[in-house]
DNA sequence: GTCTATACTACGATAGAC
DNA sequence: GTCTATCGTAGTATAGAC
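Protein chains in written order, with my numbering: chain A, 8 to 226; chain B, 8 to 226.
This is the structure:
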């Protein structure tokens, strides 16, 4: 019995250890900053010695790379989970909710965000593999703009790429300001997250096919 | 003759050396990243030894602090210089130009920007003195919003603080995206800087007292 | 004000025993 | 897979001669 597929068990154990390394690394980044991550501190918190980490990661850059990929993957899953909870018949509400979830996750995970959105590590460039979930999320965001256009919410002749660039900029601005100026404020009630709905309204009104109609305004 | 005010000459020489240290430090940050700044590298490029730097700066954090202050002061001067070149009778053009200059400087000086807008150095918090020019610039930006309101361009009942927060977020978003995603693109023709005018139009239209009138649209 | 010398700590990474 | 031992490097900072 105990000899059934021992390689699988080793493999699973290995994956669990890798996950644990990543968890601890995120903790360290959250406390010491992204650039303050050291293999020694990760090893110390795990109760092992630094050389043992080399069994799981081929050096510090590989660890950063795995963290970068994991962050985008977690964010991707967060957005997907929110979408699957939504009714499928309201593209506008879905759009707003997606942006909301995106910013919420970023603000709730400042260590990941700093690594993902800024580039604070001198020699590190993410691999193509690590970029993949980021690219996927960008593609889905752009598709969301197309959906809004096809649903008649945005003008039919809207420049999708330009509109998407503007939208990403808004969201990125909120995240950047919130994290760098008031990192300890939660998403709800944050100084900068509070203006997100207004900014999305601005964006929608600007690309709107009909006259701008914002919530709270008389029609 | 040569004995006239020798203390002044020493003092000036000292200030010049301090400026040189800051210049070199910015160079190093631009090449190695903000967190990649080391006293040894600065000293090497200046042709001196690391201990000599302690005559001018009380350690690495003091150097970061001086760089932080200098960056905001340079940005403040850049905006002022642009304003003094402008005609004083067009608040709207002045507003647009100010934002333009702000983003242009930030994109042209990525090393300063990373230190000023993000917080990539683990243990470093800017001193009050270093913050002063940043605070001054924020106050002037808010005053600009008040001017736009008083000139009748924005609604009389506009929430100035909220509008200013939104405006800062837009500008911050452009800078963040441009610097982290395409740092080598110049301001002119940058993927993200290109949407700045459109974002400012959005912001203006959203707070406008009359119906939104954007350039290129029929009135 | 600059230097040499040095203390002290820390880092990433590798070799090789177990 | 984990360890000890160690290499090689780099960093901040201080003491004290010149």
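Think of the CB as a built atom: it goes at the ideal place given N, C-alpha and C, for glycine as much as any other residue. Here the structure is a predicted model, which means the values were calculated and not measured.
Contact under 8 Å by Cβ, residue i with residue j
i, j, result
"residue 41/A", "residue 127/A", "yes"
"residue 69/A", "residue 29/A", "no"
"residue 43/B", "residue 129/A", "yes"
"residue 2/A", "residue 146/A", "Since the displayed chain A opens at 8 and closes at 226, residue 2/A lies outside it and no answer follows."
"residue 177/B", "residue 120/B", "no"
"residue 71/B", "residue 131/B", "yes"
"residue 47/B", "residue 114/B", "no"
"residue 209/A", "residue 53/B", "no"
Whole-angstrom C-beta distance between residue j and residue i, which should lie under 8 Å
i, j, result
"residue 181/A", "residue 170/A", "Between residue 170/A and residue 181/A the Cβ distance is about 17 Å, and since that is not below 8 Å, they are no contact."
"residue 117/A", "residue 190/A", "5 Å"
"residue 165/A", "residue 87/A", "25 Å between Cβ atoms; not a contact."
"residue 112/A", "residue 82/A", "5 Å"
"residue 75/A", "residue 36/A", "Not a contact, Cβ separation roughly 11 Å."
"residue 206/A", "residue 173/B", "6 Å"
Contacts that residue i makes with chain B (C-beta to C-beta distance below 8 Å)
i, result
"residue 210/A", "209"
"residue 191/A", "What residue 191/A touches in chain B: nothing, since even the nearest Cβ is about 12 Å away."
Reference residue i; option with closest CA among the options
i, options, result
"residue 204/B", "157/B, 32/B, 105/B", "105/B"
"residue 179/B", "161/B, 192/B, 199/B, 163/B", "199/B"
"residue 227/A", "27/B, 77/B, 183/B", "As displayed, chain A neither begins before 8 nor continues past 226, which places residue 227/A out of reach and without an answer."
"residue 216/B", "196/B, 24/B, 161/B", "161/B"
"residue 22/A", "142/A, 78/A, 62/A, 67/A", "62/A"
"residue 100/B", "194/B, 18/B, 155/B, 55/B", "155/B"
"residue 90/A", "80/A, 77/A, 102/A", "102/A"
"residue 32/A", "16/A, 64/A, 14/A, 15/A", "64/A"
"residue 55/A", "24/A, 193/A, 20/A, 19/A", "24/A"
"residue 148/B", "15/B, 163/B, 107/B", "107/B"
"residue 150/A", "137/A, 168/A, 138/A", "168/A"
"residue 27/B", "67/B, 49/B, 80/B, 93/B", "49/B"
"residue 80/A", "38/A, 195/A, 136/A, 14/A", "136/A"
"residue 142/A", "192/B, 188/B, 202/B", "188/B"
"residue 202/A", "201/B, 175/B, 194/B, 202/B", "175/B"
Partner residues on chain A for residue i, Cβ-Cβ distance less than 7 Å
i, result
"residue 4/B", "No answer is possible for residue 4/B: it lies beyond the span of chain B, which begins at 8 and ends at 226."
"residue 83/B", "Going along chain A, no residue has its Cβ under 7 Å from residue 83/B, so there is no contact; the nearest lies around 18 Å."
"residue 87/B", "Simply none; closest approach about 23 Å."
Neighbour list for residue i in chain A, Cβ cutoff strictly below 8 Å
i, result
"residue 199/B", "172, 176"
Chain-ordered chain A contacts of residue i [CB-CB under 9 Å]
i, result
"residue 153/B", "What residue 153/B touches in chain A: nothing, since even the nearest Cβ is about 18 Å away."
Interface residues of chain B facing residue i [CB-CB closer than 9 Å]
i, result
"residue 217/A", "Correct list: empty, because the minimum Cβ distance to chain B is about 13 Å."
"residue 169/A", "201, 202, 205"
Within chain B, partners of residue i - CB distance below 7 Å
i, result
"residue 187/A", "124, 125, 126"
"residue 184/A", "175, 176, 179"
"residue 68/A", "In chain order: nothing, as chain B lies at least about 14 Å away."
Task: Contact set between the region 17-45 of chain B and chain A, restricted to residues whose Cβ is under 7 Å from the partner - done: 39, 40, 42, 43
- [ ] Return the residues of the region 117-150 of chain A that lie within a Cβ-Cβ distance of less than 8 Å from chain B, sorted by chain order.
- [x] 121, 124, 125, 126, 127, 128, 129
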